[in-house]
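Contents: one structure, followed by commentary.
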Amino acid sequence: MDRFPTEFSALLTSRGRSILADRRGVLARALDADRLVYIEGAIARDTAMAAHDLLERQLRPCLVPLVRAIPPEAIANQTRNHQERLIKVARQETAYLERRSSRAWKAADRIGLIAMLQSESLRNLAQRLSGRPLDRRSGQQVLRYGPGDYVGPHTDHYPEDPRAAGGYLDVHVSFGHPDVRHHYLVWALDGHFTRMVDVNRPGGIAIYRLPFWHYTTPLVARVGREATASRWVALATYRFAPAAGRPRAHAFGGKVGPSS
Ligand SMILES: [Fe+2]
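Its first residue numbered 61, the sequence shown is counted upward by one per residue in my numbering.
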C-alpha cells in the first residue's frame with residue numbers, strides 16, 4: 061500500500077461498511093449508553109497491516125514526542141491523606157496535522173491520509189452516530205504508541221471551547237501489530253473505571269462521545285519484538301455545528317487538544 065483510499069469507506073470490508081451503516085441504530089444506542097464503541101473486523105487484516113507499514117515508513121519521521129511525566133510535587137507537596145491530584149500524563153508520539161505547511165501534513169497528504177480523514181464517508185459515520193449536526197470542519201491527528209507508551213486518566217473536556225464544551229465526537233482508526241502483546245483502553249462509566257477493550261487489533265475503530273474519563277495502558281511488546289511493536293491511531297474530531305442564528309465564537313484551529 062502506498063496510499064490510503066480517498067474515502068474512508070474504501071478502507072472497510074463489505075461487512076464493515078454494513079456494520080458502520082448502522083441501519084438498526086445499534087451503534088448509536090451503544091454510544092449513547094457506553095460513551096465509547098469499539099468495532100473490530102471492519103477493516104481486513106491485510107489492509108490494516110499494510111496501513112501500519114505505510115505509517116511507519118512515511119509518517120514516523122514526522123512525529124514529535126508528547127511527554128508529560130508525573131510531577132514530583134504530586135507527592136512532595138501533598139500535605140493531607142487522600143488528597144492526591146494527577147494532571148494528564150502521557151508518553152507517546154504524535155502529529156497534529158493542523159498546518160498545511162508542516163512536514164507532517166505534507167507527508168500525511170502525500171499518502172492520502174488527510175483526504176481519508178476528511179472524507180465524506182467518515183464524516184457521515186460521525187454524523188449518523190452523533191445525532192446532532194456537525195461543524196463543517198473537522199480536526200485530524202495521528203498518534204503512535206511504542207513499548208511503554210501510555211496516557212494517564214484524563215477527560216478530553218474543553219470547557220473553554222464553546223462548540224466542544226457540550227461534548228463532541230472522535231473517531232479513532234487504530235492499526236495495531238502482532239508484535240504488541242497487549243494494549244488496552246480503559247474508561248469510566250457511572251463514576252468507575254469498569255470498561256476495558258483490547259485496542260491492539262490490526263484494524264479497529266473506536267468512536268468516542270467525549271468528554272469522559274479514560275486512559276490507555278502502557279503498550280507491552282512481545283519479548284524480543286520491542287523494535288517493531290507499535291500501534292498507530294489516525295483520528296478525526298468532530299465538533300457540533302453552531303446553533304442556527306448564533307455567530308461563530310471561534311475559528312476552528314484543528315484538534316481541540318491532545319487526544320489518546
Ligand atoms: Fe483521550
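Beta carbons are placed, not taken as given, at the ideal position from N, Cα and C, and that holds for glycine.
- Residue state for tryptophan 165 is assigned as helix, using DSSP reduced to three classes.
- According to the DSSP assignment, threonine 107 belongs to the alpha helix (DSSP H) that extends over 105 to 118.
- By the neighbour-count criterion, in which a residue is buried when 16 or more other Cβ atoms sit within 10 angstroms of its Cβ, histidine 142 is exposed.
- Ranked by how close their Cα comes to the Cα of proline 65, the residues Tyr210, Asp94, Gly172 have Gly172 in first place.
- With 16 or more neighbouring CB atoms inside 10 Å of its own CB, alanine 294 falls in the buried class.
- DSSP lists Val124, Leu203 as the bridge partner or partners of threonine 154.
- When C-alpha distances from leucine 119 are compared across Leu279, Arg170, Glu144, the shortest belongs to Arg170.
- Contact annotation: the segment 82 to 92 does not touch the segment 231 to 243, with fewer than three C-beta pairs closer than 8 Å.
- In the DSSP annotation of this structure, the continuous segment of the beta strand (DSSP E) that includes glutamate 100 starts and ends at 96 to 100.
- For the options Ile99, Ala104, Ala81, the alpha carbon positioned closest to that of leucine 71 is the one of Ala104.
- The C-beta distance from leucine 189 to leucine 249 rounds to 17 Å, too long to fall under 8 Å, and the pair is not in contact.
- Sequence-distant partners of tyrosine 205 (beyond 5 residues in either direction) whose C-beta falls short of 6 Å from its own C-beta, in its chain, are Gln152, Leu279, Arg291.
- Residue environment analysis places asparagine 260 among the buried positions, since at least 16 neighbouring C-beta atoms fall within 10 angstroms of its C-beta.
- Here glutamine 138 has Glu144 as same chain residues with Cβ atoms under 8 Å from its own Cβ, once five neighbours each way along the sequence are excluded.
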